[in-house]
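Read the structure below first, then the notes.
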Amino acid sequence: MKLAWSIEKQKFSKTPIDPKTGFTANCDGMGVPFAVAVQHLELNRVLCYRHPDGSTARLGLIDCDHCIAADGSISPLVQNLLRYMDTYAEYSVSDGIHILCWLDTVPPDGHKDRKWDVEFYWQARSIPITGNRGVLADWESP
C-alpha cells in the first residue's frame, strides 16, 4: 500500500498498489507471495493483506483508532482488548492499533463504535500490515 498524508482528513490515505504492475489495484489478481511483496517495500509503503473474493476464510480486523497518546501509551480499553484477544496486533500507520484474528463465522454486517473509536471488519478488503507489533509491559503480540 502506498501511504500519502491527507491534509484535509489529517490522516494517511492508503492506496493498494499491484506489485507486479505498480498500478493502483484492489482485486484477486494482485496477490503475490510474502517474500515478493517485501521486496517492494520502500519509503511510504506498507505491506497489505487482502483475502480473495469468495474465500471462506475470514481475517477479522479490529481497528482501534486514536488510542495511542503522544507519550506512546495505549488507552486502557485497548490494553484490555489486546490482553483478552491475545492474537496478532500491531501499531497502525497513524495513532491506532490493528488487532487481527481468523474468524469461524461472521456477523451479518459491519460495526463501528464511534464512542470508543473502534471498528470491526471482515469483508474482502485490503488491510495495511506494518509489522510493528504491539507491546505492553505485561503482554506482547504473538
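For what it's worth, the working numbering labels the leading residue of the sequence shown as 2, then goes sequentially.
Don't be surprised by glycine CBs; every beta carbon is placed ideally from N, CA and C.
Predicted, not measured: the structure shown is a model, and the values here were computed from it.
Requested in this report: Starting from the C-beta of R46, find all residues in its chain whose C-beta is less than 7 Å away, skip the five residues before and the five after it, and write them out in chain order.
Outcome: Position 45 of the sequence shown, counting from 1, holds the residue named residue 46. Around R46: M2, K3 and L4.
Query - Neighbourhood of S127 by C-beta, 6 Å cutoff - its chain only, sequence neighbours within 5 removed - result: Position 126 of the sequence shown, counting from 1, holds the residue named residue 127. P17, N27, C49 and R51.
Query raised in the report: In three-state terms, what does DSSP make of P77?
Result: One-based indexing of the sequence shown puts residue 77 at position 76. Looking at P77 - three-state DSSP - the assignment turns out to be helix.
Query raised in the report: Whose C-alpha, out of T106, D87 and D105, is nearest the C-alpha of V99?
Result: Counting from one through the sequence shown, the residue named residue 99 turns up at place 98. Reading off the sequence, residue 99 comes out as His, not Val. Minimum Cα distance to H99 is reached at D87.
Query - Paired residues, beta bridge with C65 - DSSP - result: On the sequence shown, residue 65 is found 64 positions in, with the first residue counted as 1. DSSP output for C65 lists I98 and V119 as bridge partner(s).
Report task. Return the chain-ordered list of same chain residues with a C-beta closer than 6 Å to the C-beta of D118, the five sequence neighbours on each side being excluded. Result -> Numbered from its first residue, the sequence shown carries residue 118 at position 117. Closer than 6 Å at the Cβ level, and outside the excluded window around D118, lie D66 and H67.
Query raised in the report: Between which two residues does the beta strand (DSSP E) harbouring A36 extend?
Result: The residue given as residue 36 occupies position 35 in the sequence shown. Careful: A36 lies outside any beta strand (DSSP E), inside the alpha helix (DSSP H) at F35 to Q40.
**Report entry** Supposed close pair I63, F121 - CB separation, criterion 8 Å
**Finding:** Along the sequence shown, read from residue 1 onward, the residue named residue 63 stands at position 62. Along the sequence shown, read from residue 1 onward, the residue named residue 121 stands at position 120. Going by Cβ atoms, the distance from I63 to F121 rounds to 6 Å, so yes, they are a contact pair.
Requested in this report: Give the range of the beta strand (DSSP E) segment to which F13 is assigned.
Outcome: Taking the first residue of the sequence shown as 1, we reach residue 13 at position 12. Run containing F13: K12 to T16, per the beta strand (DSSP E) assignment.
**Report entry** Closest Cα partner of A71 within the set D96, P34 and L60
**Finding:** As a position in the sequence shown, residue 71 is number 70, starting the count at 1. Ranking the options by Cα distance to A71, first place goes to D96.
Requested in this report: Going by CA-CA distance only, name the one from K21, E91 and A36 that's closest to I69.
Outcome: The residue given as residue 69 occupies position 68 in the sequence shown. Checking every option, the nearest Cα to that of I69 belongs to E91.
Query raised in the report: V94 and F13 look like a contact to me (Cβ under 8 Å); what is the Cβ gap, rounded to whole Å?
Result: Within the sequence shown, numbered from 1, the residue matching residue 94 stands at position 93. Within the sequence shown, numbered from 1, the residue matching residue 13 stands at position 12. About 5 Å; that satisfies the 8 Å criterion.
Requested in this report: Quick one: residues in its chain with C-beta nearer than 7 Å to the C-beta of G135, no 5 flanking neighbours on either side, listed in chain order?
Outcome: In the sequence shown, the residue the question calls residue 135 occupies position 134. Within the same chain, G135 has close Cβ partners L83, A90, E91, Y92, I98 and S142.
Requested in this report: Check each candidate in D19, L42 and D114 and name the one with the smallest Cα separation from V33.
Outcome: Looking up residue 33 in the sequence shown gives position 32. Measuring from the Cα of V33, the nearest candidate turns out to be D19.
Query raised in the report: How many angstroms separate the CA atom of G73 from the CA atom of L137?
Result: In the sequence shown, the residue the question calls residue 73 occupies position 72. In the sequence shown, the residue the question calls residue 137 occupies position 136. Roughly 11 Å between the two C-alpha positions.
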